[in-house]
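Colleague: Pasting in a structure now, in structure tokens, and then I'll have a few things to ask.
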Amino acid sequence: MTSLLLAEQVLNGLQFGMMLFLMSAGLTLVFGVMGLINLAHGSFYMIGAFACASVAMATGSWFLGLAASLAAAAVAGVLVELLVIRRLYDRDHLDQVLATFALILVFSEGTRYLFGSFPLFLDVPAALSGAVTLPGGIAYPVYRLAIIAAGIAVAIGLFWLVGRTRLGIRIRAGEADREMIAALGVDIDRLYTIVFALGAALAGFAGAMLGTIQSVQVGMGEPVLILAFVVIVIGGIGSIKGALIGSMLVGLTDTLGRTLLPVAFSTILPPSDANAVGSALASLLIYVLMAGILVFRPSGLYGGRSA
Numbered sequence: 001m002t003s004l005l006l007a008e009q010v011l012n013g014l015q016f017g018m019m020l021f022l023m024s025a026g027l028t029l030v031f032g033v034m035g036l037i038n039l040a041h042g043s044f045y046m047i048g049a050f051a052c053a054s055v056a057m058a059t060g061s062w063f064l065g066l067a068a069s070l071a072a073a074a075v076a077g078v079l080v081e082l083l084v085i086r087r088l089y090d091r092d093h094l095d096q097v098l099a100t101f102a103l104i105l106v107f108s109e110g111t112r113y114l115f116g117s118f119p120l121f122l123d124v125p126a127a128l129s130g131a132v133t134l135p136g137g138i139a140y141p142v143y144r145l146a147i148i149a150a151g152i153a154v155a156i157g158l159f160w161l162v163g164r165t166r167l168g169i170r171i172r173a174g175e176a177d178r179e180m181i182a183a184l185g186v187d188i189d190r191l192y193t194i195v196f197a198l199g200a201a202l203a204g205f206a207g208a209m210l211g212t213i214q215s216v217q218v219g220m221g222e223p224v225l226i227l228a229f230v231v232i233v234i235g236g237i238g239s240i241k242g243a244l245i246g247s248m249l250v251g252l253t254d255t256l257g258r259t260l261l262p263v264a265f266s267t268i269l270p271p272s273d274a275n276a277v278g279s280a281l282a283s284l285l286i287y288v289l290m291a292g293i294l295v296f297r298p299s300g301l302y303g304g305r306s307a
């Protein structure tokens with residue numbers, strides 16, 4: 001493997017990691033502040049992707065579709081929190097799992113009813129099409145660099161929001177002691193709705209960004225949701241920093257594993273077998289990584305409490 005190909009795969013891993021960060025940041029906020037196990041978080045990812053695709057095809061503007069993905073996912077998050085989630089805060093985690101799993105089925109079948117079972121395809125916007133030559137002679141797609149830049153911008157924005165604003169103080173206080181801040185006069189129901197809508201909007205944004213690279217289809221959020229849970233377990237529940245570091249670790253481990261392991265096995269196996277064995281082992285690497293971290297850090301890298 002050449003150094004240029006390795007550098008390109010590192011960039012692909014960073015891009016994949018940034019997409020996972022957009023998913024896991026909202027999930028870890030909801031999990032950390034509200035103590036809620038939300039299996040339907042991947043549905044907001046799907047809603048954002050379909051909103052972007054439908055608006056972009058109707059208007060011809062991908063950027064309008066991107067704005068629609070944020071709005072649609074946030075509105076869906078508010079409705080879900082008000083109508084369903086608000087009744088689950090004091091319930092057992094099993095009730096939360098069952099209710100949010102039911103929401104997955106509702107959203108999946110509702111989306112299938114509205115858009116059909118066939119995938120939708122989005123073109124990369126003209127402003128972000130093509131490739132640029134990076135230092136070292138690496139030709140890399142502009143759109144994938146835009147995903148990395150968007151993830152960095154969202155990370156900076158979240159760090160500022162949580163660490164420097166009044167809302168961020170309430171979010172951190174709600175994670176530490178929700179009963180106390182409610183007693184001090186903070187509208188805890190409103191805070192929960194804002195946090196849930198923010199998490200849903202981030203998931204919808206991730207769906208719109210990645211849906212332009214892949215196809216937009218029913219059920220596309222569940223595989224990403226599994227990886228997002230791995231990220232917050234690695235990084236620590238409730239930690240934005242942990243979500244960012246965990247996303248980078250998972251993204252690089254998965255991408256480099258799928259690239260390097262087939263090459264390594266090709267020295268001892270036929271090419272077809274090397275690809276099959278390498279790909280199979282690469283899919284296990286992120287779980288090996290998670291297990292290894294939990295052995296030494298049961299609360300995750302930056303977790304303040306044990307899962």
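Each residue of the sequence shown is one higher than the last, beginning at 1 in this note's numbering.
We treat Cβ as the ideally placed atom computed from N, Cα and C, and that holds for glycine.
Would you call the stretch 196-212 and the stretch 105-119 touching, i.e. three or more CB-CB distances under 8 angstroms?
Modeller: Not touching, per the Cβ criterion.
Colleague: Just mark Y302 as buried or exposed, buried being the case when its beta carbon has 16 or more other beta carbons within 10 Å.
Modeller: Counting from one through the sequence shown, the residue named residue 302 turns up at place 302. The residue in question, Y302, is buried, as its Cβ has 16 or more Cβ neighbours within 10 Å.
Colleague: Quick check on DSSP: helix, strand or coil for P271?
Modeller: Within the sequence shown, residue 271 is the residue found at index 271, counting from 1. P271 falls in the helix class under three-state DSSP.
Colleague: What is the rounded straight-line gap between the Cα of G236 and the Cα of V132?
Modeller: Reading the sequence shown from its first residue, position 236 is the one you call residue 236. Reading the sequence shown from its first residue, position 132 is the one you call residue 132. Approximately 36 angstroms, taken between the alpha carbons.
Colleague: What residues are listed by DSSP as bridge partners for T133?
Modeller: The residue you call residue 133 lines up with position 133 of the sequence shown. BP columns for T133 point to A139.
Colleague: Using the Cα positions of M180 and F205, report the straight-line distance between them to the nearest angstrom.
Modeller: The residue labelled residue 180 in the question sits at position 180 within the sequence shown. The residue labelled residue 205 in the question sits at position 205 within the sequence shown. Distance between the alpha carbons of M180 and F205: 33 angstroms.
Colleague: In the DSSP assignment, find the unbroken alpha helix (DSSP H) run with G77 in it and report its ends.
Modeller: For this step, residue 77 is matched to residue 77 along the sequence shown. Where G77 is concerned, the enclosing alpha helix (DSSP H) stretches over 62-83.
Colleague: Which same chain residues end up closer than 7 angstroms to A72 when comparing Cβ atoms and leaving out the 5 residues on each side of it in sequence?
Modeller: Start at 1 with the first residue of the sequence shown, and residue 72 comes out as number 72. In its chain, beyond the 5 residues on either side, I47, G48, A51, G204 have a beta carbon closer than 7 angstroms to the beta carbon of A72.
Colleague: I'd like to check one pair, F21 with G151: are the Cβ atoms closer than 7 angstroms?
Modeller: Taking the sequence shown and counting its residues from 1, the one referred to as residue 151 is at position 151. Taking the sequence shown and counting its residues from 1, the one referred to as residue 21 is at position 21. Contact: yes.
Colleague: I'd like to know whether the C-beta atoms of A282 and L261 end up nearer to each other than 7 angstroms.
Modeller: As a working note, residue 282 is residue 282 in the sequence shown. As a working note, residue 261 is residue 261 in the sequence shown. Yes.
Colleague: Report yes or no: do the stretch 186-203 and the stretch 236-246 share at least 3 C-beta pairs separated by less than 8 angstroms?
Modeller: no
Colleague: Sorted by chain position, which residues of the same chain lie with C-beta nearer than 6 angstroms to L289's C-beta, five sequence neighbours on each side aside?
Modeller: Counting from one through the sequence shown, the residue named residue 289 turns up at place 289. So the list reads T253, once near-sequence residues are dropped.
Colleague: Just how far apart, CA to CA, sit G32 and E81?
Modeller: Residue 32 sits at position 32 when you count from the first residue of the sequence shown. Residue 81 sits at position 81 when you count from the first residue of the sequence shown. Answer to the nearest angstrom: the Cα atoms are 16 angstroms apart.
Colleague: Could you work out which residue in I293, S266, S299, A197 is closest to H41 when comparing CA atoms only?
Modeller: Mapped onto the sequence shown, residue 41 falls at position 41. Answer by Cα proximity: A197.
Colleague: Please classify V224: does DSSP put it in a helix, a strand, or coil?
Modeller: Start at 1 with the first residue of the sequence shown, and residue 224 comes out as number 224. Correct three-state label for V224: helix.
Colleague: Which residue wins for smallest C-alpha separation from L105, given the options E222, L88, A228?
Modeller: On the sequence shown, position 105 is the one that residue 105 refers to. Ranking the options by Cα distance to L105, first place goes to E222.
Colleague: Is the beta carbon of I286 closer than 7 angstroms to that of V230?
Modeller: Taking the first residue of the sequence shown as 1, we reach residue 230 at position 230. Taking the first residue of the sequence shown as 1, we reach residue 286 at position 286. Using a Cβ distance threshold of 7 angstroms, V230 and I286 count as a contacting pair.
Colleague: Have a look at A102 and L6 and give me their C-alpha separation to the nearest angstrom.
Modeller: Counting from 1 along the sequence shown, the entry for residue 102 is found at position 102. Counting from 1 along the sequence shown, the entry for residue 6 is found at position 6. Each residue's alpha carbon lies about 42 angstroms from the other.
Colleague: Could you pull out every unbroken alpha helix (DSSP H) segment of at least 4 residues lying fully inside the stretch 189-262, listed in chain order?
Modeller: 221-235
Colleague: Residues in its own chain within less than 6 angstroms of A153 by CB, not counting five upstream and five downstream?
Modeller: For the purposes of this step, residue 153 is taken as residue 153 along the sequence shown, with counting starting at 1. Cβ neighbours of A153 beyond the five flanking positions: none.
Colleague: Under the rule that 16 or more other beta-carbon atoms within 10 Å means buried, what is T255, buried or exposed?
Modeller: Numbered from its first residue, the sequence shown carries residue 255 at position 255. Looking at its Cβ environment, which holds 16 or more other Cβ atoms inside 10 Å, T255 is buried.
Colleague: Could you pull out every residue in the same chain whose Cβ sits closer than 8 angstroms to the Cβ of S108, ignoring the five residues on either side in sequence?
Modeller: By one-based count along the sequence shown, residue 108 stands at place 108. Answer for S108: S43, M46, V218, G219, listed in chain order.
Colleague: From the DSSP output, which residues share a beta bridge with L301?
Modeller: Taking the sequence shown and counting its residues from 1, the one referred to as residue 301 is at position 301. Beta-bridge pairing links L301 to no other residue.
Colleague: If you follow the alpha helix (DSSP H) that V106 is in, where does it begin and where does it stop?
Modeller: Mapped onto the sequence shown, residue 106 falls at position 106. Unbroken alpha helix (DSSP H) run through V106: 93-115.
Colleague: Can you round the beta-carbon distance between G17 and S247 to whole angstroms, since I take them to be within the 8 angstroms contact cut?
Modeller: Taking the sequence shown and counting its residues from 1, the one referred to as residue 17 is at position 17. Taking the sequence shown and counting its residues from 1, the one referred to as residue 247 is at position 247. Indeed they touch by this definition, with Cβ atoms about 4 angstroms apart.
Colleague: Taking DSSP as the reference, what is the three-state secondary structure of L120?
Modeller: Walking along the sequence shown from the start, residue 120 turns up at place 120. Three-state result, L120: strand.
Colleague: Under the three-state reduction of DSSP, which class applies to G185: helix, strand or coil?
Modeller: Working through the sequence shown from its first residue, we reach residue 185 at position 185. In this structure, G185 counts as coil in the three-state DSSP scheme.
Colleague: So what does DSSP say about T28, is it helix, strand or coil?
Modeller: In the sequence shown, counting from the first residue as 1, residue 28 sits at position 28. T28: helix per DSSP, three-state reduction.
Colleague: Which residue wins for smallest C-alpha separation from S24, given the options V224, T267, S272?
Modeller: For the purposes of this step, residue 24 is identified with residue 24 of the sequence shown, where counting begins at 1. Between S24 and the set V224, T267, S272, the nearest pair of CA atoms involves V224.
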